[in-house]
Each structure stands twice: as structure tokens, then as C-alpha cells.
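Numbering (this note's numbering), first residue to last: -16 to 186.
Cβ coordinates follow ideal geometry from the N, Cα and C atoms, glycine included.
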């Protein structure tokens, strides 16, 4: 759970549109610029104990195009991805994205001035990784962003917190539902969870 809380800061620090970055930006620039923009939103909140609808929208408007949600969804789903059609893939990607935003958005309220330090990107062909360190007092947590180059520029397809892959974690979490009820059961489970999170946000 602690890893997912940190992943939240790492992730929603990137999730959201009207990009201020260019498609030609390098992988480190994409990550560092986005993280700093989200931190700016968090520091500008009137009430630092919650994430309001206004805050959520400001965050959302910072990151469109910086995540390859389709690749993340495909890797999280595994083999069933190959068996579903394009419409189902688009739907699952949308559900997966909303789950990420709803699940982790409110955890950004835990931000209390933690610092993020970045290393230079390591490139290998059309893939890159950008290592960073989240510094919270005396605690230092390594966060590594995995990116690949697409027609839209460098996009994140995984985040590793202390060596643990976010995509792999979702894949493992999905397996029991897939084994017991198949793909339809997983989609329903995720949609039900999103509905509960929406209700909670409105309460």
C-alpha cells in the first residue's frame, strides 16, 4: 500500500491535458516538467488536506499524452487483451485510466512538500528510463519511470517504486478475477469500484 501511495504521487503527477511540453522533448524533460507542474498545483491549494474538483481538473489538464494508457492497460490485462476486439480494448483502456485517477487522486492530498530529484535519462533505442528519488524527511524512495517513443513523443508505460512495477502489480491483482469470471467479470468489478469511488468523492 505504501508503494502505491508513492506511485500515486509519481503517477498522478503525470496523468492529466493542454500539454505545456513539446512532442520533441526528451524523456527526462517530459517527466521532470510534469512532476513540477503537479507539485505547483498541490502547493497552490487553498485547503491542503483535500483534493477538490478544481484541483483534480487542474491536475488532469497537465498530463494528457504523457502516459501510454493503452500499453499500460494491455500489459496489466495480459493474455485476454489479444482475445478482445478494438472496441473492447478502447473501453478497457478508458476504465483502466479512470480507475487509476479515481483510486489515487485523493492520495495526492498527502503531499506535504516532499522533494523529487531526477537523474539523466538512460536511453536504449526507442525506450528510456528516468530514475528519480522522492525525498520525505529522512526517507528516500526510488521511483523509476519507463518510457517509450511513440508518434506522440515520449510516453510513460510503467512506473517502478522501489523496484516494484506498477503494471505488474495490477496484472497480479487482476488474475484472480480473470481466473474466476473471465474478462467480463473483471470489467464489471473495475466499473463497480469506480462507481463507489465516484460516490465517495461526491459525499
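Practice prompt. Look at residue 75 and residue 91 and say whether their C-beta atoms are less than 9 angstroms apart.
Written response: no
Item to complete: Determine the DSSP secondary structure at residue 132, reduced to helix, strand or coil.
Response: strand
Item to complete: With distances taken Cα to Cα, identify the nearest neighbour of residue 130 among 49, 28 and 39.
Response: 49
Worksheet entry | Classification of residue 135 by the beta-carbon crowding that lies within 10 angstroms, buried from 16 upward | exposed
Discussion item. Can you look up residue 28 in the DSSP assignment and give me helix, strand or coil?
Written reply: coil
Worksheet item: In or out: residue 139 buried (at least 16 other Cβ within 10 Å) or exposed?
Response: buried
Item to complete: State whether the stretch 25 to 35 contacts the stretch 107 to 114, with contact taken as three or more CB pairs (one from each stretch) at a distance under 8 angstroms.
Response: no
Item to complete: May I ask you to report which of helix, strand or coil DSSP gives residue 109?
Response: coil
Discussion item. Quick check on this structure: which residue in 98, 41, 51 and 106 has the alpha carbon closest to the alpha carbon of residue 121?
Written reply: 98
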